[in-house]
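Residues 5 to 464 in the working numbering are what the sequence shown spells out, letter by letter. For every residue, glycine included, the Cβ atom is placed at its ideal position computed from N, Cα and C. Predicted model, so just to flag it, every value in this text is computed and none were measured. Here's the structure, in structure tokens; my notes come after.
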Amino acid sequence: MLEKLSRFVQDRFIRSRKLNSTRLVVVSFLVMILVGALLLTLPISSRTGESVGFFTALFTATSSTCVTGLVVADTFLTWSPFGQGVILLLIQLGGLGFMTVITLLSFAFHRRIGLSERLIMVSTLNLDDLDGVVRVVRHALMGTAFFELCGAALLSLRMIPKYGLIRGLWHALFHSVSAFCNAGFDLQGGDTGAFSSLSGFADDPVVLLTTSALVIVGGLGFFVWEDIYRNRAWKKLTLYSKLVLAITAFLLLGGTLFFFFAEGNNPATLGSMPLGEKWLNAFFQSMTLRTAGFNVIDQGAMTDNSLVMSCILMLIGGSSGSTAGGMKTVTIWVLFMVLFTSLHGRETITFHGRSVSARRAMNAVTLFLMVLFLFLGGSMLISMTHQTTFLHAAYETASALGTVGLTAGLTPILARPAQILLIALMYTGRVGVLSFSIAFLTRRQDSLKIQYPECRIMIG
């Protein structure tokens, strides 16, 4: 059955010329969302045995497939084990990507991976060429299974004593996959209350550090994994991998310091915690804003400065070719290089003896402006449809657009139009940004055959 499905998808869509790589990503995510929504609509998916309705199922399926984590109904209290299994499957498919799953089926049935599949894999994983693309995907699949199983084993040390063997193993596996895929879904509603996430483990370094490690590794990207695996020395790594690792470390450290001092005296968040617990939770807050979606403190109780910083970190997100969302770390670095170069009156962007092409710089600016317009427009629309401050509306918008999944407590109580907007933002944040990135990589660079006179315009 699976072999026939794999052959049908490859022959009907991938190897045909009806769908290019960009359209394939858009259609595949849309199909996964709709199928997932229909499965979650079934009475067997609900804990009460009655259908939750199509909208709740659609919102949950979108959030799962786009590995976001925003929910309008608590995952444990609303969904049966079957429904939770559907959500977990959508998270895994959404995190790995459609083409990676098709490749897995090809590996399983020993089918040859053709040129069309290789080209699409190069696009979806943001690789530079076809060299070793199958090896990268194979290692990505093996690495995903390894990290998720290791995470589940560590989390089971806390979950099994708390919930028993069967439920403890399920909780450990669910949270491990959710963390590695940067999804932010949790099953803690039955223990610490609806929408409580990991607040019950605020003083548990095993759970928080294991979750953090899974999120960080998942957010680095498959290319960085492959580079580290093959070279295993800092000097031998590519410039891209060095940038990803350095920027990730800088954002984690900077975020930890910021939240420790910004929220250290806030009794509603970190203020009442012991010193060691403050540092632990400040680090976790800095980490989870990188599209993870788990929380241990009340997001709505943070200071305005922390909310602004949170929006910035959520929009930055993880790295290209990873399970994370956002504009991506190196994209932000390119934007700063554009600014630095412009302020120094230069026309060529250079860094450590290397240059960044004008085309890539323009792609980064285009992506930034697109995300910025969506962020500001979405924030204004939510603040107009729901009686809340613009800052809290911006927090929900950044969380959806960056596929983070954190909420200041608004998402479950928003009006239906605002929730529909969040669905669109989650889909755009995961599929739209990915599609634009693929389009940047695969489009041909056209040059004007006619040179027009330069126009004189005033800037600033």
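If you run the structure through DSSP and keep just helix, strand and coil, what is residue i?
i, result
"residue 9", "Because residue 9 sits at a pLDDT of 44, beneath the cut-off of 50, its placement in the model cannot be relied upon, and the point is left open."
"residue 353", "strand"
"residue 408", "coil"
"residue 55", "coil"
"residue 465", "Because residue 465 is not part of the residues shown, which for the chain are 5 to 464, the question remains open."
"residue 145", "helix"
"residue 270", "coil"
"residue 324", "coil"
"residue 456", "coil"
"residue 242", "coil"
"residue 207", "coil"
"residue 195", "helix"
"residue 225", "coil"
"residue 301", "coil"
"residue 332", "coil"
"residue 185", "coil"
"residue 390", "coil"
"residue 168", "coil"
"residue 278", "coil"
"residue 66", "helix"
"residue 414", "coil"
"residue 483", "What the structure shows of the chain is the stretch from 5 to 464, and residue 483 is not part of that stretch, so it cannot be assessed."
"residue 202", "coil"
"residue 348", "coil"
"residue 76", "coil"
"residue 139", "helix"
"residue 291", "helix"
"residue 71", "coil"
"residue 286", "helix"
"residue 18", "At residue 18, the pLDDT of 48 sits below 50, so the modelled position is not reliable; the number obtained from the coordinates is stated separately. In the structure shown, residue 18 sits in a helix (DSSP, three-state: H, G or I)."
"residue 236", "coil"
So, using beta-carbon positions, are residue i and residue j closer together than 8 Å?
i, j, result
"residue 191", "residue 79", "yes"
"residue 414", "residue 378", "no"
"residue 334", "residue 346", "no"
"residue 421", "residue 393", "no"
"residue 94", "residue 68", "yes"
"residue 180", "residue 147", "no"
"residue 176", "residue 73", "no"
"residue 360", "residue 341", "yes"
"residue 465", "residue 184", "Because residue 465 is not part of the residues shown, which for the chain are 5 to 464, the question remains open."
"residue 229", "residue 143", "yes"
"residue 428", "residue 319", "no"
"residue 84", "residue 50", "yes"
"residue 141", "residue 435", "no"
"residue 207", "residue 162", "no"
"residue 274", "residue 280", "no"
"residue 337", "residue 251", "yes"
"residue 215", "residue 204", "no"
"residue 40", "residue 77", "no"
Pick out whichever of the options has its Cα sitting closest to the Cα of residue i.
i, options, result
"residue 52", "458, 87, 140", "87"
"residue 298", "153, 265, 213", "213"
"residue 220", "244, 253, 227", "253"
"residue 38", "233, 98, 381, 146", "98"
"residue 222", "280, 150, 159, 210", "150"
"residue 330", "373, 359, 307", "373"
"residue 75", "398, 35, 412, 375", "412"
"residue 410", "419, 424, 430, 391", "430"
"residue 380", "366, 362, 400, 363", "400"
"residue 391", "229, 418, 224", "418"
"residue 305", "81, 266, 363, 169", "266"
"residue 34", "70, 48, 49", "70"
"residue 199", "270, 82, 271, 207", "82"
"residue 178", "63, 152, 272, 194", "152"
"residue 365", "339, 356, 300", "339"
"residue 525", "63, 29, 226", "This structure gives no information on residue 525, because the portion of the chain shown stretches from 5 to 464."
"residue 432", "407, 217, 455, 423", "407"
"residue 182", "195, 166, 168, 159", "159"
"residue 61", "424, 217, 458, 257", "424"
"residue 255", "197, 227, 321", "321"
"residue 244", "382, 58, 371, 356", "356"
Could you pull the DSSP bridge partners for residue i from this structure?
i, result
"residue 358", "355"
"residue 83", "50"
Should residue i be flagged as near chain E, meaning a C-beta pair shorter than 8 Å?
i, result
"residue 346", "The displayed structure is made up of one protein chain only, and chain E is not part of it."
Less than 7 Å between the CB of residue i and some heavy atom of the ligand COA, yes or no?
i, result
"residue 231", "As for the ligand COA, it is missing from this structure, which has no ligand bound."
Cβ contact (3+ pairs, closer than 8 Å) linking the stretch 281-299 and the stretch 240-247: The answer is no - the stretch 240-247 does not touch the stretch 281-299, with fewer than three Cβ pairs under 8 Å.
Segment contact flag, the stretch 262-279 with the stretch 306-326, C-beta cutoff 8 Å, min 3 pairs: Taking 8 Å as the limit for Cβ pairs, the verdict is that the stretch 306-326 does touch the stretch 262-279.
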